[in-house]
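First the structure, in the form of structure tokens, and then the observations on it.
2 protein chains.
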Amino acid sequence: MKSTIRDVAVMAGVSISTVSRVMNAPNSVVKHKREKVLEAIKALQYKPNGLARGLIYKKTNTLGVIIPDIQNPYYAGVIRGMEDASKALGYSIMICNTDRDEKRLFSYMQNLNEKRVDGILYTSDVVYPDFYEEIEAYRIPLVLVATHSLEYELPSVKINDEAAAYDAVKYLISLGHTSIGMISFELTDEIAGLPRYEGFQRALREYELEACVQQVAFAKHWHDDAYYAAERLLQQYPDITAIFTTSDEFAMGVLSYMHEKGIRVPEQMSVIGFDNIRMAQFTIPKLSTIAQPVYNMGYRAVEKLNALIKGEPDSTLREYLPHELIVRSSTGPQAARS
Amino acid sequence: MKSTIRDVAVMAGVSISTVSRVMNAPNSVVKHKREKVLEAIKALQYKPNGLARGLIYKKTNTLGVIIPDIQNPYYAGVIRGMEDASKALGYSIMICNTDRDEKRLFSYMQNLNEKRVDGILYTSDVVYPDFYEEIEAYRIPLVLVATHSLEYELPSVKINDEAAAYDAVKYLISLGHTSIGMISFELTDEIAGLPRYEGFQRALREYELEACVQQVAFAKHWHDDAYYAAERLLQQYPDITAIFTTSDEFAMGVLSYMHEKGIRVPEQMSVIGFDNIRMAQFTIPKLSTIAQPVYNMGYRAVEKLNALIKGEPDSTLREYLPHELIVRSSTGPQAARS
DNA sequence: AATTCCTTTGAAAAGCTTTTCGTGCACATT
DNA sequence: AATGTGCACGAAAAGCTTTTCAAAGGAATT
Numbered sequence: 014m015k016s017t018i019r020d021v022a023v024m025a026g027v028s029i030s031t032v033s034r035v036m037n038a039p040n041s042v043v044k045h046k047r048e049k050v051l052e053a054i055k056a057l058q059y060k061p062n063g064l065a066r067g068l069i070y071k072k073t074n075t076l077g078v079i080i081p082d083i084q085n086p087y088y089a090g091v092i093r094g095m096e097d098a099s100k101a102l103g104y105s106i107m108i109c110n111t112d113r114d115e116k117r118l119f120s121y122m123q124n125l126n127e128k129r130v131d132g133i134l135y136t137s138d139v140v141y142p143d144f145y146e147e148i149e150a151y152r153i154p155l156v157l158v159a160t161h162s163l164e165y166e167l168p169s170v171k172i173n174d175e176a177a178a179y180d181a182v183k184y185l186i187s188l189g190h191t192s193i194g195m196i197s198f199e200l201t202d203e204i205a206g207l208p209r210y211e212g213f214q215r216a217l218r219e220y221e222l223e224a225c226v227q228q229v230a231f232a233k234h235w236h237d238d239a240y241y242a243a244e245r246l247l248q249q250y251p252d253i254t255a256i257f258t259t260s261d262e263f264a265m266g267v268l269s270y271m272h273e274k275g276i277r278v279p280e281q282m283s284v285i286g287f288d289n290i291r292m293a294q295f296t297i298p299k300l301s302t303i304a305q306p307v308y309n310m311g312y313r314a315v316e317k318l319n320a321l322i323k324g325e326p327d328s329t330l331r332e333y334l335p336h337e338l339i340v341r342s343s344t345g346p347q348a349a350r351s
Numbered sequence: 014m015k016s017t018i019r020d021v022a023v024m025a026g027v028s029i030s031t032v033s034r035v036m037n038a039p040n041s042v043v044k045h046k047r048e049k050v051l052e053a054i055k056a057l058q059y060k061p062n063g064l065a066r067g068l069i070y071k072k073t074n075t076l077g078v079i080i081p082d083i084q085n086p087y088y089a090g091v092i093r094g095m096e097d098a099s100k101a102l103g104y105s106i107m108i109c110n111t112d113r114d115e116k117r118l119f120s121y122m123q124n125l126n127e128k129r130v131d132g133i134l135y136t137s138d139v140v141y142p143d144f145y146e147e148i149e150a151y152r153i154p155l156v157l158v159a160t161h162s163l164e165y166e167l168p169s170v171k172i173n174d175e176a177a178a179y180d181a182v183k184y185l186i187s188l189g190h191t192s193i194g195m196i197s198f199e200l201t202d203e204i205a206g207l208p209r210y211e212g213f214q215r216a217l218r219e220y221e222l223e224a225c226v227q228q229v230a231f232a233k234h235w236h237d238d239a240y241y242a243a244e245r246l247l248q249q250y251p252d253i254t255a256i257f258t259t260s261d262e263f264a265m266g267v268l269s270y271m272h273e274k275g276i277r278v279p280e281q282m283s284v285i286g287f288d289n290i291r292m293a294q295f296t297i298p299k300l301s302t303i304a305q306p307v308y309n310m311g312y313r314a315v316e317k318l319n320a321l322i323k324g325e326p327d328s329t330l331r332e333y334l335p336h337e338l339i340v341r342s343s344t345g346p347q348a349a350r351s
């Protein structure tokens, strides 16, 4: 059995209150008793029980993190940022991986609520009405990460996806490409899908390449999907010389496809990714991409959540962090294929 | 403020005990009261406070997971296994990322102890004496994952690293390679370092290739290290035609180096990795590797920890799960380099 | 009709800590 | 010497739930 404050009190020959004071306001206890108590604490390996403490303080110094797919390397960076910020602000974090399954999501929400976490970080997914109702009911502070909601008044931290996609495509155009394709998440995805497609469209329109607007193939969240999407895309539009993908994993699937078909990157085909995951520097060729400040997003989200919990004022409700174009070797000037 | 059991009791016009009974032993309450209570629970959105519960039951249904590097994709698979098993057994998990920093490790240990987690899963790192003392003092059940300790009596789940390395090298030998190199973790790493090097040695000795035994370059945990290690290795031993690396990340660094130097894989150089991370199927060329059953290791570790917590009997203390040789396209028959 | 037994319920304790309140004592002040 | 001030410390309440114990009431048995 673990020792309790009572055990310490008995051993040190003082009351429970005195032991508590030694830990929380040491100066209010005379020296010789204080030392006795500290000795007893050491001897018994006493550590205060966080549950009892949480019950009194009505807070647990714990944050819940909801993630759709922990195997996606994108989140590793976000989590690191969250972790470092949590550590700095005195929280620990509890990670819940939903696998994009609504049942799991709600089961985890209930769990976090029962555990009385001080706040929740919700990443990437769209905020559905029934989910919003749930968090409203729980009254737990919540910050959206890499997603936002225009419908509800929820604080969020993300990049400007539309602008980022625009920049990626504009860069391809600046290299001279005139037939550009896209491998995109489904447009029903209001975060990583539609806005990036809109950015793609805007860049094309701006440079009078409207013809390309329909050169899109859709994929789910895996390399394999992107591989086959690339296949479909090139079969339908064989003139394409550059592809904008909405994730680095997609880009890797595309690189894989090109390699197998003997299409050289970047000589015959430029490929640009999105996210700048750690692997992106080690693909062959190294991947040009749009960097999301994942670490900072995670870090900032925790700071924002902390402000919310403490009731401190915070900057804008919906916060947008800057993205960055990273040019490596998977993109190059336009040149006729074959 | 969140509603408490008392609020429910008042609203339903019964005592606290009755409300508790409705939740934990519904049949012991007469129907009309039960229904009133259920109504009140719904109306007030009442959810029992896990802290108070934990205080009584002396358990929190939470497991702590200690991970050295969450950005390493290897752990994503392990975590998924842990997650699924936890869900099945009624636990939630709390992930702590130590970044291989001892201070962080101890700070997290203390935190998990205060939070009164029911058990701890400790991955990958060697069990140092002062760490062992700490967990002994806490008396929290613990299972080692992807690591073990021969010195201490700690339950563990991992593969047989020596045998796995042996199999990888033997496979290279079977392809006809006679000058084989290795990119290894430091030999001070008692888990992923030394045993795999011993497997490398054993295979070479068995096939009378002792000369290769010293063809090793060491790297830390990142692609970059492996890139430079490959450079050093080939400068020193230019005859090498096959390289065994102790992680897929290393292998990717090596592939990157070969690509840059114009050395074709697998025609001029075979490369075999270790772990079979998700990315391994999408490198160029696709990576041959030793698959660790990461998901199963995570899953099994939680089952084992659960048995320990519940005091149920469990199979052997140190458990070894089977690895598997995965042949893709980064390995091929020996052929002279240029 | 009296006793026993069972069902249903509420009061209270326990689990561990923090904090408020009040007491007792030492010292200072007049 | 008597009153006042302040410090150190212990008792007890509070935080929320579960569970034990006891009581009350009704049904069943003799």
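Taken in order, these protein sequences are the chains called A and B.
Our numbering applies: residue 14 is where the first sequence begins, and numbers increase by one.
Our numbering applies: residue 14 is where the second sequence begins, and numbers increase by one.
Cβ atoms here follow ideal geometry from the backbone N, Cα and C, with glycine treated the same way.
In this text, all values refer to a predicted model and were calculated from it rather than measured experimentally.
The alpha helix (DSSP H) enclosing residue i, as first and last residue numbers
i: B:R93; result: 86-102
i: A:G63; result: 63-70
i: B:I148; result: 142-151
i: A:V229; result: First-last for A:V229: 229-231, but that is the beta strand (DSSP E), not the alpha helix (DSSP H).
i: B:V170; result: First-last for B:V170: 169-172, but that is the beta strand (DSSP E), not the alpha helix (DSSP H).
i: B:S120; result: 115-127
i: B:R218; result: 207-219
i: B:A25; result: 18-25
Residue-level contact to chain B via CB, residue i, 9 Å cutoff
i: A:S105; result: yes
i: A:C225; result: no
i: A:G90; result: yes
i: A:K323; result: no
i: A:R350; result: Residue confidence is low: A:R350 scores 45 on pLDDT, short of 50, so the model does not pin down where it sits. No coordinate-derived value is stated.
i: A:K100; result: yes
i: A:Q84; result: yes
i: A:R209; result: no
i: A:T160; result: no
i: A:T75; result: yes
i: A:R113; result: no
i: A:R47; result: no
Closer than 9 Å at the beta carbon, the chain A residues around residue i
i: B:S269; result: Q294, F295, T296, I297, K299
i: B:R129; result: K15, N62, G63, L64
Contact set between residue i and chain B, taken where Cβ atoms lie within less than 9 Å
i: A:I256; result: Correct list: empty, because the minimum Cβ distance to chain B is about 16 Å.
Delimiting residues of the beta strand (DSSP E) encompassing residue i
i: A:R331; result: 331-334
i: A:I193; result: 193-197
Listed by chain order, chain B residues near residue i by CB distance under 8 Å
i: A:A289; result: Checking the sequence, you will find Asn at residue 289 of chain A rather than Ala. Going along chain B, no residue has its Cβ under 8 Å from A:N289, so there is no contact; the nearest lies around 13 Å.
i: A:N110; result: I92, R93, E96
Anticipated Cβ contact below 8 Å, residue i with residue j, distance rounded
i: A:S343; j: A:K274; result: With a Cβ gap of about 16 Å, A:S343 and A:K274 do not count as contacting.
i: A:V139; j: A:L76; result: With a Cβ gap of about 21 Å, A:V139 and A:L76 do not count as contacting.
i: B:A255; j: B:S301; result: B:A255 to B:S301, Cβ: 10 Å. No contact.
i: B:L185; j: B:P346; result: Not a contact, Cβ separation roughly 10 Å.
i: B:E280; j: B:A224; result: With 8 Å as the limit, B:E280 and B:A224 do not qualify as a contact, their Cβ atoms being about 24 Å apart.
i: B:M107; j: B:L125; result: 7 Å
i: A:V170; j: A:F213; result: Not really, about 24 Å apart at Cβ, beyond 8 Å.
Under 8 Å from the C-beta of residue i: neighbouring residues of chain A
i: B:L68; result: N62, L64, A65, L68
Listed by chain order, chain A residues near residue i by CB distance under 7 Å
i: B:G266; result: F295
i: B:H234; result: Residues of chain A passing the Cβ test: none, with the nearest at roughly 11 Å.
i: B:Q356; result: Lying before the first or after the last residue shown, residue 356 of chain B is absent from chain B, which here runs from 14 to 351.
Residue i at chain A interface by Cβ criterion, 9 Å
i: B:K274; result: no
i: B:T344; result: no
i: B:S120; result: yes
i: B:R341; result: no
i: B:R245; result: no
Closer than 7 Å at the beta carbon, the chain B residues around residue i
i: A:N124; result: S105
For residue i: DSSP bridge partner residues
i: A:E337; result: A:A304
i: A:D288; result: A:A304
i: A:T136; result: A:V158
i: A:L76; result: A:I106, A:G132
i: A:T258; result: A:I196
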